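So the structure is just underneath, and the comments pick up after that.
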Amino acid sequence: MEIETIYQNVEHKDIKDTSGPQTQSHSQDEGKAQKCRGSRCLVLITVGLGLICVLLLVFIILKHITITAERDLIKSYKNTVEEFNQTINSLQDSYTDLTQNKIKLESKVRSLSDELKKAASKGGWLFMSTELKSWSDSRQYCRDRGADLVIINTEEKQRFISSLVSESACIGLSDTENEGIMKWVDNSPLNQGFWFKGEPNNFGGDEDCIELNPEKHNLNNWNDRSCSDTRKGICEK
């Protein structure tokens, strides 16, 4: 009995000694595995957070670019609208000016038409020679065409002819027969003259023929010149 008891105790001790280290080793392996899994999870979490930060950064950058582009687009649109409005206003002003000029032109055309009708009702119409000639040659030019140098005996006619002529031209008035006594080509005396200031002055004693010079004045624009000076002539038929 004692020997069996001792054997059992030894066997039991051996079994305890053998199982003890194995159990401790197994626990260490499990701890290492848990640590490994924990490190892997930490890496994954870190990588995930990094990706989230990158995505947020990209989103912020894209948002900034979008906002900047929208702001630039709105600014460009406003500038375009302002330029468009300025163009419209300019066109409206131009249209207004054109309309006003058209009205003035139509009024002037009607006035000239009335003057032409009045002149036609008096049995005559006007034309201008195309060549520069002396007073007598200008008169002959008119006579060759069934007319004569124009006779101006009313203010209305003087204004009308002055509005048509843009350069100096001979009219049918002279004092070639008697110095200082002006007569028209039909031998009628001058009743009303439209002389420029200081005219007629017979400068140099050789100014016997009369010209109309619209550059001097709209109404009073007659001037005596030498009959040999060349001018175009205003003819009346």
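The opening position of the sequence shown corresponds to residue 1 in full-length UniProt numbering, with each subsequent residue numbered one higher.
Yeah, the Cβ is synthetic: ideal placement off N, Cα and C, and Gly gets one too.
From a predicted model like this one, the values you see are computed outputs, not experimental measurements.
Check: Simplified DSSP state of Ser174, which is helix, strand or coil; Outcome: strand
Check: Given Ser162 as reference, the closest of Cys53, Asn201, Ile103 and Lys216 once Cα atoms are compared; Outcome: Lys216
Check: Straight-line gap, Leu56 to Val81 (C-alpha atoms, nearest Å); Outcome: 37 Å
Check: Straight-line Cα distance separating Asp97 from Lys232; Outcome: 36 Å
Check: Delimiting residues of the alpha helix (DSSP H) encompassing Asp224; Outcome: Premise fails: Asp224 lies in the beta strand (DSSP E), Trp222 to Arg225, not in any alpha helix (DSSP H).
Check: Coarse secondary structure for residue 242, derived from DSSP in three states; Outcome: The structure shown does not extend to residue 242, since the chain is modelled only from 1 to 237, so the question has no answer here.
Check: Backbone CA spacing between Ile103 and Leu73 [nearest angstrom]; Outcome: 44 Å
Check: Inter-residue spacing [alpha-carbon to alpha-carbon] between Ser166 and Gln92; Outcome: 33 Å
Check: Given Asp208 as reference, the closest of Asp148, Glu177 and Gly198 once Cα atoms are compared; Outcome: Glu177
Check: Which of helix, strand or coil DSSP assigns to Trp125; Outcome: coil
Check: Delimiting residues of the beta strand (DSSP E) encompassing residue 248; Outcome: Residue coverage of the chain in this structure runs from 1 to 237, which leaves residue 248 outside it and unanswerable.
Check: Identity of the residue in Ser134, Glu236, Glu199 and Arg40 nearest Ser228 by Cα; Outcome: Ser134
Check: Cα-Cα separation between Gln192 and Asp148, rounded to whole angstroms; Outcome: 20 Å
Check: From Gly198, Ile210, Arg145 and Asn202, residue whose alpha carbon lies closest to that of Leu190; Outcome: Ile210
Check: Same chain, Cβ closer than 7 Å to Ser153, neighbours up to 5 away in sequence not counted; Outcome: Contrary to the premise, residue 153 reads as Asn rather than Ser in this sequence. Cβ neighbours of Asn153 beyond the five flanking positions: Asn191 and Gln192.
Check: Buried or exposed (CB count within 10 angstroms, at least 16 for buried), Arg225; Outcome: buried
Check: Candidates Lys63, Arg145 and Leu212: closest to Phe160 by CA position; Outcome: Leu212
Check: In DSSP terms, what Glu211 is bridged to; Outcome: Cys170 and Asn223
Check: Pair within 8 Å by beta-carbon distance, Cys170 and Ile234; Outcome: yes
Check: Buried versus exposed, by CB contacts within 10 Å (16 or more), Glu155; Outcome: exposed
Check: Range of the contiguous alpha helix (DSSP H) that encloses Phe160; Outcome: Glu155 to Leu164
Check: N-terminal and C-terminal residue of the alpha helix (DSSP H) that Ser136 is part of; Outcome: Trp135 to Arg143
Check: Contacts around Thr130, its chain only, beta-carbon distance under 8 Å, and the 5 residues preceding and following it disregarded; Outcome: Lys232
Check: Residue nearest to Glu179 in terms of C-alpha spacing, selected from Met128, Phe203 and Arg143; Outcome: Phe203
Check: Contacts around Trp222, its chain only, beta-carbon distance under 7 Å, and the 5 residues preceding and following it disregarded; Outcome: Gly193, Phe194, Trp195, Phe196, Glu199, Ile210 and Leu212
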